[in-house]
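Heads up, the sequence shown is in my numbering, so the first residue is 27 and it goes up one at a time.
Structure first, then comments.
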Amino acid sequence: MACRYLKRNGYKILFCNFRGRSGGEIDVVCRDNDTLVFVEVKTRGREDFGRPFEAVDREKRKRISRGALAWLRMLDNPDILFRFDVVEVIIADDGKARVELIKNAFPLSKPYLY
Numbered sequence: 027m028a029c030r031y032l033k034r035n036g037y038k039i040l041f042c043n044f045r046g047r048s049g050g051e052i053d054v055v056c057r058d059n060d061t062l063v064f065v066e067v068k069t070r071g072r073e074d075f076g077r078p079f080e081a082v083d084r085e086k087r088k089r090i091s092r093g094a095l096a097w098l099r100m101l102d103n104p105d106i107l108f109r110f111d112v113v114e115v116i117i118a119d120d121g122k123a124r125v126e127l128i129k130n131a132f133p134l135s136k137p138y139l140y
């Protein structure tokens with residue numbers, strides 16, 4: 027569902043469920059024009075405990091950042107533009123999904139070891 031949404035919004039999907047050797051993880055790696063985008067997908071059945079984005083805490087951002095750095099090392103291009111987006115999927119009681127994209131959701135977590 028998240029990948030379909032990203033494609034409809036012009037993203038080109040490169041890889042899903044990437045796992046780096048250092049323990050990093052990325053749900054979706056894609057491209058938005060000339061920018062490499064690392065996307066975290068969060069799904070919730072309700073918003074009683076906050077928006078799905080709020081589950082992307084400091085530790086989760088670190089794991090995503092480690093995955094992004096592993097991907098960037100594979101490319102061997104330190105000048106590439108990249109960012110972190112979050113796709114929220116909220117499933118209503120009637121089963122209908124609402125999808126929201128948060129661009130530039132957070133910065134690369136320290137330390138920046140490329």
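C-beta: ideal position from N, C-alpha, C; glycine also.
On a predicted model such as this, the values are computed, not experimentally measured, just so you know.
Leaving out five residues on either side along the sequence, give the residues of the same chain with a beta carbon under 7 Å from the beta carbon of residue i.
i     : result
Arg89 : Gly49, Gly50 and Glu51
State the CB to CB distance for the pair residue i and residue j, rounded to an integer number of angstroms; the pair is presumed to be in contact (CB under 8 Å).
i      : j      : result
Arg109 : Lys129 : 7 Å
Pro78  : Arg87  : Pro78 to Arg87, Cβ: 14 Å. No contact.
Leu134 : Ser91  : 5 Å
For residue i, which residues in the same chain have their Cβ closer than 6 Å to its Cβ, ignoring the five residues on either side in sequence?
i      : result
Ala81  : Lys68
Ile106 : Leu62
Whose C-beta lies closer than 8 Å to the C-beta of residue i among residues of the same chain, with five residues either side of it excluded?
i     : result
Lys33 : Ile39
Gly36 : Asp58 and Asn59
Gly76 : none
Which residue or residues does DSSP assign as beta-bridge partners of residue i?
i      : result
Ala123 : Ile117
Arg84  : None; Arg84 has no bridge partner.
Phe108 : Leu62
Lys68  : Glu114
Lys38  : Arg57
Classify residue i as helix, strand or coil using the three-state DSSP reduction.
i     : result
Leu62 : strand
Lys33 : helix
Arg89 : helix
Val79 : What sits at residue 79 in the sequence shown is Phe, not Val. It is helical.
Using the rule of at least 16 other Cβ atoms within 10 Å of the residue's Cβ for burial, across every protein chain shown, is residue i buried or exposed?
i      : result
Leu101 : exposed
Ala28  : buried
Arg84  : exposed
Ala131 : buried
Phe41  : exposed
Ala94  : buried
Asp111 : buried
Arg47  : exposed
Glu114 : buried
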